[in-house]
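Protein sequence lines correspond, in order, to chains C and X.
Numbering-wise, UniProt numbering puts 91 at position 91 of the first sequence, and it's gapless, one number per residue.
Numbering-wise, UniProt numbering puts 57 at position 57 of the second sequence, and it's gapless, one number per residue.
These notes are about the structure you will find just below.
2 protein chains.
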Amino acid sequence: MLPKFDSVFSIDCVIFGFEAGELKILLIERNEEPYKDWLALPGYIVEQDESIDDAAERILYELTGLRDMHMQQFHTFGEVNRHPQGRVITVAYYALIRINGQKELRPVTQYAKKAFWHPVSELPKLAFDHSEIFNTGFNKIRRRLHYQPIAFELLPEKFTLTQLQSLYEAVLNKKLDKRNFRKKMLSYGFLKELDEKQKGVSYRAAKLYKFDKRKYGKIFQGEMTIG
Amino acid sequence: MLPKFDSVFSIDCVIFGFEAGELKILLIERNEEPYKDWLALPGYIVEQDESIDDAAERILYELTGLRDMHMQQFHTFGEVNRHPQGRVITVAYYALIRINGQKELRPVTQYAKKAFWHPVSELPKLAFDHSEIFNTGFNKIRRRLHYQPIAFELLPEKFTLTQLQSLYEAVLNKKLDKRNFRKKMLSYGFLKELDEKQKGVSYRAAKLYKFDKRKYGKIFQGEMTIG
DNA sequence: TCAAAAGTGTTTTTTATACACCCATGC
DNA sequence: GCATGGGTGTATAAAAAACACTTTTGA
Numbered sequence: 001m002l003p004k005f006d007s008v009f010s011i012d013c014v015i016f017g018f019e020a021g022e023l024k025i026l027l028i029e030r031n032e033e034p035y036k037d038w039l040a041l042p043g044y045i046v047e048q049d050e051s052i053d054d055a056a057e058r059i060l061y062e063l064t065g066l067r068d069m070h071m072q073q074f075h076t077f078g079e080v081n082r083h084p085q086g087r088v089i090t091v092a093y094y095a096l097i098r099i100n101g102q103k104e105l106r107p108v109t110q111y112a113k114k115a116f117w118h119p120v121s122e123l124p125k126l127a128f129d130h131s132e133i134f135n136t137g138f139n140k141i142r143r144r145l146h147y148q149p150i151a152f153e154l155l156p157e158k159f160t161l162t163q164l165q166s167l168y169e170a171v172l173n174k175k176l177d178k179r180n181f182r183k184k185m186l187s188y189g190f191l192k193e194l195d196e197k198q199k200g201v202s203y204r205a206a207k208l209y210k211f212d213k214r215k216y217g218k219i220f221q222g223e224m225t226i227g
Numbered sequence: 001m002l003p004k005f006d007s008v009f010s011i012d013c014v015i016f017g018f019e020a021g022e023l024k025i026l027l028i029e030r031n032e033e034p035y036k037d038w039l040a041l042p043g044y045i046v047e048q049d050e051s052i053d054d055a056a057e058r059i060l061y062e063l064t065g066l067r068d069m070h071m072q073q074f075h076t077f078g079e080v081n082r083h084p085q086g087r088v089i090t091v092a093y094y095a096l097i098r099i100n101g102q103k104e105l106r107p108v109t110q111y112a113k114k115a116f117w118h119p120v121s122e123l124p125k126l127a128f129d130h131s132e133i134f135n136t137g138f139n140k141i142r143r144r145l146h147y148q149p150i151a152f153e154l155l156p157e158k159f160t161l162t163q164l165q166s167l168y169e170a171v172l173n174k175k176l177d178k179r180n181f182r183k184k185m186l187s188y189g190f191l192k193e194l195d196e197k198q199k200g201v202s203y204r205a206a207k208l209y210k211f212d213k214r215k216y217g218k219i220f221q222g223e224m225t226i227g
């Protein structure tokens, strides 16, 4: 039979958002020991009767009020002493979401005082090994941006090509050539040009585009190269 | 405080080898319930006082007699019912090794009757969700082969360009053009041509090459594209 | 001398890069 | 009318792909 251990699995979530040309990440202020009052990634313990994917959804909801995020695990952290109170192995997940499309952030449980967006530049020291978890996750999505259409998960449904480009530039941390970027993006054929323009700007309004998931699926089996 | 759960972490290892132009994987025959007598990936339970990376090394050693493999985790499997006797979350690791450089396979514990190499084509149904774990791992290394120098971990220290190419072909499951392959590989500059030739073949002996890790490190920060 | 694999270049096509000016709009 | 970002094309360079024959060796 299986041994009985006092071992615990947890989930930690690295949730990226994009707002005002800046890449942000979702943090909570802890309301529990250890690391009470510290900033941390949203994370908690997996129950015995839920899969880790389900646990990730639930935990994020409880700590931030956000639901139905599409999260993907990216790494498992299993050092013996990563949690001061015992053996806790944590599976880290990431998601990319539209900040504006979301209602306000409101923790449902008492474990977090609040949840809020913080720019990825100038992150403070986080609780546990969460700074390391964040870095690993950031590197993953940076890599993935090159060959998967994850950028569109961060933008509003309708976006301009300039917004798309500035997102790429923010994540990859480098400038891209405007003409080449647009040429390549449009050449893939999965962007649908809308009959609509940007509103409320004090300069020439840009065309709006939509990501066409259907077409993407037909064209690619998950491959592209940008940046 | 942390709750007490009857939860267990385990490690499963997907170990690839290359022999006779064929990609192989290391399997064990189980000597324990559940799935007694079934074929399975080498895997076992993580102790409370060891990191998951350490556990992976230990477990592989105990089940196969292989030591000092450089393993990397690639995914964590956490469905509730993946183990019939209770909640077990498993972290899957892979490694690529030289079959010929290794001594014989000899399990150190009683949990495995034997360990052996099996071609990745025509794998039988494995215990637990190990078939799924294998598939996930195989896809990972197939992806990684494109941009990381992992092929050299599978070949003997000295190898011919044809051996290298046939390894790429076996993993990617497609034919590559000989001239283009050689041109590109050599252009990277991390292959060292030796003053030595193949022996014991009944045809023109090919030059032997070595992977120059030093040069690779200098030239790349982990990037290349082949296949 | 034959079988088997080693070794070798050139052309074409595709993809990436570099680069600068006029346009439309709101204030 | 001016400030702001929107929008556009071409030329060059680099990389990838297609393609077939001669050489060496051992048996």
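All C-beta atoms in this analysis are idealised placements derived from N, C-alpha and C, irrespective of residue type, glycine included.
Here's the rule I'm using: 16 or more other beta-carbon atoms within 10 Å means buried, otherwise exposed. How should residue i be labelled?
i	result
Glu57 of chain X	buried
Gln48 of chain C	exposed
Tyr209 of chain C	buried
Pro119 of chain X	exposed
Ser7 of chain X	buried
Arg67 of chain X	exposed
Gly217 of chain C	exposed
Val46 of chain X	buried
Ala55 of chain C	buried
Arg204 of chain C	exposed
Arg106 of chain X	exposed
Val171 of chain X	buried
Gly200 of chain C	exposed
Ile28 of chain C	buried
Ile59 of chain X	buried
Ile219 of chain C	exposed
Looking only at C-alpha atoms, which of the options sits nearest to residue i?
i	options	result
Pro42 of chain X	X:Phe77, X:Asp49, X:Glu50 and X:Tyr61	X:Tyr61
Pro3 of chain C	X:Lys24, X:Leu167 and X:Tyr44	X:Tyr44
Thr160 of chain X	X:Asp53, X:Met185 and X:Leu26	X:Met185
Lys213 of chain X	X:Thr64, X:Glu157 and X:Asn135	X:Glu157
Ile141 of chain X	X:Val108, X:Gln72 and X:Lys215	X:Gln72
Lys24 of chain X	X:Leu164, X:Tyr216 and X:Ser121	X:Ser121
Val80 of chain C	C:Phe9, C:Leu167, C:Met224 and C:Tyr168	C:Phe9
Asp12 of chain X	X:Thr76, X:Ser51 and X:His70	X:Thr76
Ile133 of chain C	C:Gln163, C:Thr90, C:Leu172 and C:Val171	C:Thr90
Leu164 of chain C	C:Asn139, C:Lys207 and C:Gly200	C:Lys207
Glu104 of chain C	C:Asn31, C:Asn135 and C:Thr64	C:Thr64
Leu26 of chain C	C:Phe211, C:Ile219 and C:Ser131	C:Ser131
Glu50 of chain C	X:Lys178, X:Lys199, X:Val88 and X:Ser202	X:Val88
Phe74 of chain C	C:Arg144, C:Phe5 and C:Phe181	C:Arg144
Lys215 of chain X	X:Ile226, X:Gly200, X:Gly227 and X:Tyr188	X:Tyr188
Asn100 of chain C	C:Gly21, C:Ile226, C:Ser202 and C:Ala205	C:Gly21
Phe211 of chain C	C:Gln148, C:Pro34, C:Phe138 and C:Val108	C:Gln148
Phe138 of chain C	C:Ala92, C:Asn31 and C:Lys183	C:Ala92
Arg30 of chain C	C:Gln110, C:Asp53 and C:Gly78	C:Gln110
Phe181 of chain C	C:Ile219, C:Thr162 and C:Asp53	C:Thr162
Gly78 of chain C	X:Ile52, X:Gly78, X:Met69 and X:His70	X:Ile52
Gly227 of chain X	X:His70, X:Asn135 and X:Lys178	X:Lys178
Lys183 of chain X	X:Glu32, X:Val108 and X:Thr225	X:Thr225
Quick one: which chain C residues come within Cβ less than 8 angstroms of residue i?
i	result
Pro3 of chain X	Val8 and Ile45
Gln110 of chain X	In chain order: nothing, as chain C lies at least about 16 angstroms away.
Note down, in chain order, every chain C residue with its Cβ under 7 angstroms from the Cβ of residue i.
i	result
Glu79 of chain X	Ser51
Gln148 of chain X	None at all; the shortest Cβ gap to chain C is about 12 angstroms.
Ile89 of chain X	Phe9 and Ile52
Gly86 of chain X	Leu2
Gln163 of chain X	The premise fails here: Gln163 of chain X is roughly 28 angstroms from chain C at the closest Cβ pair, so nothing lies under 7 angstroms.
Going along chain X, which residues have a C-beta under 8 angstroms from residue i?
i	result
Thr76 of chain C	Ile52, Gln73, Thr76 and Val91
Gln198 of chain C	Ordered by position in chain X, no residue passes the 8 angstroms Cβ test against Gln198 of chain C, which lies about 37 angstroms from the chain.
Give me the chain X residues within the contact set of residue i, using Cβ-Cβ distance strictly less than 7 angstroms, ordered along the chain.
i	result
Gly217 of chain C	None at all; the shortest Cβ gap to chain X is about 18 angstroms.
Open item on the list: Could you check whether the stretch 13–30 of chain X touches the stretch 91–99 of chain X, counting it as contact only if at least three pairs of C-beta atoms, one from each stretch, sit closer than 8 angstroms?
Closed with: yes
Task: Runs of alpha helix (DSSP H) wholly within the stretch 85–157 of chain X (minimum 4 residues, chain order) - done: 130–145 and 151–154
TODO: Enumerate, from N- to C-terminal direction, the unbroken beta strand (DSSP E) stretches of 3 or more residues contained entirely within the stretch 164–223 of chain X.
DONE: 191–197 and 207–211
- [ ] Give a yes or no on contact between the stretch 143–158 of chain C and the stretch 81–92 of chain C, applying the rule of three or more CB pairs nearer than 8 angstroms.
- [x] no
Open item on the list: Can you confirm whether the stretch 115–130 of chain X touches the stretch 27–39 of chain X when touching is taken to mean that 3 or more C-beta pairs between the two stretches lie within less than 8 angstroms?
Closed with: yes
TODO: Could you tell me whether the stretch 109–117 of chain X touches the stretch 189–201 of chain X, where touching means 3 or more Cβ pairs closer than 8 angstroms?
DONE: no
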